[in-house]
Structures are given as structure tokens and as C-alpha cells.
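> Residue numbers (the numbering used here): 1144 to 1375.
My questions all concern the structure below.
As C-alpha cells, then:
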């Protein structure tokens, strides 16, 4: 199904349960630190209990892999489908994304690798559900796991993190990446240049402000400001 920085994901059809699962398997040659991060990803995801978080089930130490919930597509796939081009379809997904991040932040967890490929969508007969995945770069609010010189990853992250250090990552950094994600959902592009409306321009400028304290304080404030951009 795909490869990440230290693991591959495979689709698995289970004949006993007659269900489709996904298996995430660590590369054989990854560093000890990355394997520790892989195990931590499973353990922390196992603690989370939300319909908007991809569920993980069982870790196999011998195979260096774990079984997890299967999702049908990435957000990137969703956005490429012309059937999902309406503003109402995008708002439907955006509302769920806000719920996912409000939930993990309530658990003092920061994702740190927000992208259209790390947000999955699961199809049901009557709905589609956002599933936040790939917590390999997660940060626990009081954790010392992240080193100051850790490489900054994540295509939507604030470039100033390269000078500040990934260990300083907090809620306003998550706000920055989420702001850029929302722009991508609405416009289909990561780089700026597409005009939506004046209120969204102000929203975007605040969410990505170079001064941390000028950004939204949290995702709840950000959510309220976002939808206000489209109120008549």
C-alpha cells in the first residue's frame, strides 16, 4: 500500500474474520531509535479511542509489525476525485479533521507530521470517516523523547522549526500545519497564490504568522475562525 520513512504498509485479507486489515512492518535496516519510535507509535495509538483515529490492534515483536484498521483512501486521493470538489464535501471532511485534532490535543499529543497522505478516509455504506494515522513523529506534551537536533519532517510544517528545533514543537506549530492543510483542501495546492476570500486570507495569515503568539491559541479557536470565513 505504501512506504514511509521506516516502515511499509500492506493490505491483508483475513479469512477468519472476513475483513480487510492493514499491516505496518518496520524495515529491517532501520536504526534502533527509529524502531523505538515505531513501537512508541503503536503504544500511543493504542491508548487513543476516537472514531477519527486509525485503530491499531496487535503488535508482533518477532515480525516487527502491527495490525491496524484498514482505510480506503488518503485525503490526497479524496481531493483528486472530482466527485468531492464541492465546498460541502470538503467542509464535511474538514469538520472531522478539527474533531480529530481537538481530541489528540486533549490527550496532550501533537501529531507533527500533518499531510494529505497521513489523513485517511474510511468508507461506510452511509458515510465517510476521517482517520488520522502515522503517529511516528508524535510528541507527548511533557516528553523528552524528541532531541533538539531531530530532523524536521512534514511538508506542511513551519520552516522556522529548522532554526527553533523540532523539540520545541507545540500547539501553535500544529496550528500552522493545519492552516496550510485547510488551504490545500480548499484549493488543491500546497503553495499559496489561490484566492478564496478576504476573510480566509486573514485567517491564513494568522494561522501561519511568523510570530507564534500571533497564531490561534488552539484548534477550537481556529475552527471557529475558519467557518466564520464562509458565513454570509
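Here a beta-carbon is modelled for each residue, glycine too, at the ideal position from N, C-alpha and C.
#1: On the DSSP bridge assignment, give the partners of residue 1207 in chain order.
#2: Consult DSSP for residue 1365 and reduce its assignment to one of helix, strand or coil.
#3: Nearest by alpha-carbon distance to residue 1320: which of 1226, 1268, 1353 and 1146 is it?
#4: Need the endpoints of the beta strand (DSSP E) that residue 1173 sits in, please.
#5: Express the C-alpha separation of residue 1159 and residue 1326 in angstroms, rounding to a whole number.
#6: Is the segment 1160–1168 in contact with the segment 1200–1211, if contact means three or more CB pairs nearer than 8 Å?
#7: Select from 1366, 1162 and 1333 the residue whose C-alpha is nearest the C-alpha of residue 1260.
#8: Beta-carbon within less than 7 Å of residue 1266's beta-carbon, same chain only, minus the 5 sequence neighbours each way: which residues are those?
#9: Please report the residue range of the alpha helix (DSSP H) in which residue 1104 lies.
#10: Assuming residue 1114 and residue 1278 form a contact by the criterion Cβ under 8 Å, report the distance between their Cβ atoms to the nearest whole angstrom.
The short version:
#1: None, per the DSSP bridge assignment.
#2: helix
#3: 1353
#4: No beta strand (DSSP E) contains residue 1173, which DSSP labels as neither H nor E.
#5: 43 Å
#6: yes
#7: 1333
#8: 1215
#9: This structure cannot settle anything about residue 1104, because the visible part of the chain is limited to 1144 through 1375.
#10: An answer regarding residue 1114 cannot be provided, because it is not within the stretch 1144 to 1375 covered by the chain.
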